[in-house]
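If you count by mature numbering (1 follows the signal peptide of the UniProt record, and there is no 0), then the sequence shown holds residues -16 to -1, 1 to 257, one letter each, in order.
All C-beta atoms in this analysis are idealised placements derived from N, C-alpha and C, irrespective of residue type, glycine included.
Keep in mind it's a predicted model, so treat the numbers as computed, not measured.
The structure under discussion appears below in the form of structure tokens.
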Amino acid sequence: MILAVIFLIPFSQASGNFSLSSSPKCTVLSDCPKNFAACMNVTGLSEKRCVKDTKQICIGGMPDTPVKPCNRSRDCTASLERYSGWCDLETKFCCNVDPKAADSPFCPDRITPLYGQEKCKDVEKGMVYSGSSDQRGGLCYKGYSCPPKITRPTDLTFGSMTFRTNMDCFSTEKVDTKYNFMFCHNETGNLWVIGQLNLNGEEVMKHWKQCDLNTDCGEGLVCVKEDLCRYRCYEDPTMVMNYDWVVAQLSAMFLLPLIFLISIIFFTVKYLD
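Given below as structure tokens:
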């Protein structure tokens, strides 16, 4: 039987997706060749396709139904606040929690999807906390770069550095109450975990003004969901200060008037002579 030798063969597209269009068509799983795992609807295709291994679609968790390609999590849903899934960075498909799985697909903060984050380098096999993250402040957990925030039964702490997650958000909407110590970045459209230090390595300044959105705080500030139900304005920890530029501007402010004054004195003395 010809179908028995047809496999789901991945090939690279612009988005990095596997191709499901060439996989066998099906109505139910029994229509698929032996050892295929599922018969699934696929976005953009009128008929279901046989899927040999769902791990080709979602490394962790299970594929959204219908199977849908993505570049970021907002491609997977119109309701980010209620969406518990993620866009798999490796396969570029929308994925969600597998209720039958024994392992949690989340970072230690229990909020950030593990497989939606960047991979760490130099990970030691079998070591849960090993490897190095290219992201500043990243905590390597099971081979992925996670926020440096760990939830314990009686304690909630956050790391020293501010950290960008790949969870999407809309700055025009209030950050959900489950995202402790996070804010929505106006430009990247991602949730960031606020740390004790900003990207310049300086202490993050907190303001006492309460807020719902970044616009409530004013320019250069962000609205952070603190613990409990508090939302408070903080200085934007992602703003990187170019100190060389600042020094140059300050120097220009003082040197130009000084040069002008010296020039006046010089020409005045020369004229008097």
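Please return the same chain residues whose Cβ sits closer than 7 Å to the Cβ of residue i, not counting the five positions on each side in sequence.
{"i": "Ser68", "result": "Asn80 and Val81"}
{"i": "Met46", "result": "Thr38, Cys79, Asn80 and Asp82"}
{"i": "Trp70", "result": "Ser57, Cys79, Pro97, Tyr99 and Gly100"}
{"i": "Asp48", "result": "Cys60, Gly69, Cys78, Cys79 and Asn80"}
{"i": "Ser5", "result": "Leu29"}
List the whole-angstrom C-beta distance separating residue i from residue j, where the pair is believed to meet the contact cut-off of C-beta under 8 Å.
{"i": "Lys32", "j": "Cys23", "result": "5 Å"}
{"i": "Lys115", "j": "Asp72", "result": "Note on identity: in this sequence residue 115 is Gly, with Lys being the wrong assignment. About 19 Å separates the two Cβ atoms, so there is no contact after all."}
{"i": "Pro53", "j": "Cys34", "result": "Pro53 to Cys34, Cβ: 18 Å. No contact."}
{"i": "Val208", "j": "Phe167", "result": "5 Å"}
{"i": "Leu183", "j": "Ser144", "result": "About 12 Å separates the two Cβ atoms, so there is no contact after all."}
{"i": "Ser129", "j": "Cys104", "result": "6 Å"}
{"i": "Asp196", "j": "Lys158", "result": "5 Å"}
{"i": "Cys91", "j": "Thr161", "result": "The pair is not a contact, with the Cβ atoms about 18 Å apart (cut-off 8 Å)."}
{"i": "Gly179", "j": "Phe147", "result": "7 Å"}
{"i": "Asn198", "j": "Asn170", "result": "6 Å"}
{"i": "Pro50", "j": "Asn19", "result": "Actually they do not touch by this definition, with Cβ atoms about 22 Å apart."}
Assign residue i to one of three DSSP states: helix, strand, or coil.
{"i": "Arg33", "result": "strand"}
{"i": "Tyr67", "result": "coil"}
{"i": "Pro137", "result": "Low per-residue confidence applies at Pro137: pLDDT is 47, beneath 50, and the placement is therefore not dependable, though the value from the model is reported in the following sentence. Pro137: coil per DSSP, three-state reduction."}
{"i": "Ser116", "result": "strand"}
{"i": "Lys39", "result": "helix"}
Identify the continuous beta strand (DSSP E) that holds residue i and give its terminal residues.
{"i": "Glu108", "result": "Note, Glu108: premise wrong, no beta strand (DSSP E); not H, not E."}
{"i": "Cys130", "result": "Tyr128 to Cys130"}
{"i": "Ala85", "result": "Counting along the chain, Ala85 falls outside any beta strand (DSSP E), and DSSP gives it neither H nor E."}
{"i": "Glu157", "result": "First-last for Glu157: undefined, no H or E at that position."}
{"i": "Phe167", "result": "Met166 to Cys168"}
{"i": "Asp152", "result": "Phe147 to Asp152"}
{"i": "Met24", "result": "Ala22 to Met24"}
{"i": "Cys124", "result": "Leu123 to Tyr125"}
{"i": "Cys217", "result": "Tyr215 to Glu219"}
Closer than 8 Å by C-beta to residue i: which residues in its own chain qualify, once you throw out the five before and the five after it? Chain order, please.
{"i": "Val107", "result": "Ser114, Gly115, Cys124 and Gly127"}
{"i": "His191", "result": "Cys201, Leu205, Arg216, Cys217, Tyr218 and Glu219"}
{"i": "Asn174", "result": "Arg148, Thr149, Asn150, Met151, Asp152, Cys153 and Cys168"}
Within the same chain, show all residues whose beta-carbon is closer than 6 Å to that of residue i, passing over the 5 residues directly before and after it, in chain order.
{"i": "Glu65", "result": "Asp160"}
{"i": "Glu102", "result": "Ser129"}
**Item:** Start-end ranges of the alpha helix (DSSP H) lying completely within the segment 173 to 211, minimum 4 residues
**Value:** Secondary structure in the segment 173 to 211: no alpha helix (DSSP H) run of 4 residues or longer lies completely within the stretch.
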